[in-house]
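To start, the structure under review is shown below, and the notes come after it.
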Amino acid sequence: MPYYVRQGNIPKKRHITFYRDDGQLFREELFSTHGFSNIYSNKYHYNMPTKTLEVKPLSLDHGQEWQDALVQNYKIDSNQVDDQGNFFSARRKLMFNDDVAMYTARVTEDTEQFYRNAYADEIVFVHEGSGRLTSEYGEIKFERWDYLIIPRGTTYQLKFDAFDNVRLFVIESFSMVEIPKHFRNQYGQLLESAPYCERDIRVPELQPPVVQEGEFELVCKYGDRYQIHILQWHPYDLEGW
Numbered sequence: 001m002p003y004y005v006r007q008g009n010i011p012k013k014r015h016i017t018f019y020r021d022d023g024q025l026f027r028e029e030l031f032s033t034h035g036f037s038n039i040y041s042n043k044y045h046y047n048m049p050t051k052t053l054e055v056k057p058l059s060l061d062h063g064q065e066w067q068d069a070l071v072q073n074y075k076i077d078s079n080q081v082d083d084q085g086n087f088f089s090a091r092r093k094l095m096f097n098d099d100v101a102m103y104t105a106r107v108t109e110d111t112e113q114f115y116r117n118a119y120a121d122e123i124v125f126v127h128e129g130s131g132r133l134t135s136e137y138g139e140i141k142f143e144r145w146d147y148l149i150i151p152r153g154t155t156y157q158l159k160f161d162a163f164d165n166v167r168l169f170v171i172e173s174f175s176m177v178e179i180p181k182h183f184r185n186q187y188g189q190l191l192e193s194a195p196y197c198e199r200d201i202r203v204p205e206l207q208p209p210v211v212q213e214g215e216f217e218l219v220c221k222y223g224d225r226y227q228i229h230i231l232q233w234h235p236y237d238l239e240g241w
């Protein structure tokens, strides 16, 4: 029982010609987090999403590893973390291993840069604050205590209504974030024993395509490395998906 979502204008079949009003072809992008044999999306762009003008390194400090920490119980008071920055630069790493990393963030400013985690899925818990998650797939409003599930490879921004007290808890997972099997029946439907159901799930609403040429900064995270990709076309140029 796949949770199929279709928004905007798309062709009747996959991988066929799909023309714009001016006679040019839409650019079909088949995007998957685990190759052709797993979950994927078909996205239809006005322009080539891979058109990059420049790539340059970026350094962000999320804290230093405490290598000589004793193995014992610790109390971590994230309210004492007063780092400042935007929704990705303000993240302070609390704990990590080979599969997952956990961050807290006190967001104090906006940014026009786009962000993409190339290697990991993200779970963003909105501890305090409200606003909008914008992405190539559309826009979704969020408020306090919402969970935002952002698959790896998604280009997005977080826009907040105010910055008086914005706090996030971010989980970065290198294995795929999915609903545990013991909460699903054989058809994929959520069981009565699950802590949430399909009615709790909201998806982005596709916005009018931004067909704009320029120099758009995309911050990409590759494990512990960052790069800035200067895109020729605005990444939110989808006609449908």
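Taking the numbering used here, the leading residue of the sequence shown gets 1, the next gets one more, and so forth. Where is the CB? At the ideal position from N, CA and C, for every residue including glycine.
{"Check": "If we call anything under 8 Å between Cβ atoms a contact, is residue 104 one with residue 94?", "Outcome": "yes"}
{"Check": "Going by C-alpha to C-alpha distance, which of 65, 48 and 168 sits closest to residue 82?", "Outcome": "168"}
{"Check": "Measuring only the C-alpha atoms, how far is residue 223 from residue 122?", "Outcome": "13 Å"}
{"Check": "My output table needs one value for residue 97: the three-state DSSP class, helix, strand or coil.", "Outcome": "coil"}
{"Check": "Within the same chain, show all residues whose beta-carbon is closer than 6 Å to that of residue 117, passing over the 5 residues directly before and after it, in chain order.", "Outcome": "152 and 221"}
{"Check": "Taking C-beta to C-beta, are residue 111 and residue 231 nearer than 8 Å?", "Outcome": "no"}
{"Check": "Identify which residue in 11, 23, 39 and 19 has its Cα closest to the Cα of residue 3.", "Outcome": "39"}
{"Check": "Checking the sheet assignment: what are the DSSP bridge partners for residue 57?", "Outcome": "227"}
{"Check": "How would you call residue 267, buried or exposed, if buried means at least 16 neighbouring beta carbons within 10 angstroms?", "Outcome": "With the chain covering 1 to 241 only, the question about residue 267 has no answer from this structure."}
{"Check": "Comparing alpha-carbon positions, which option in 60, 156 and 160 lies nearest residue 142?", "Outcome": "160"}
{"Check": "Exposed or buried, which one is residue 149 when buried takes at least 16 other CB atoms within 10 Å?", "Outcome": "exposed"}
{"Check": "Determine, using beta-carbon pairs with one atom in the region 179 to 199 and one in the region 78 to 92, whether at least three such pairs fall under 8 Å.", "Outcome": "no"}
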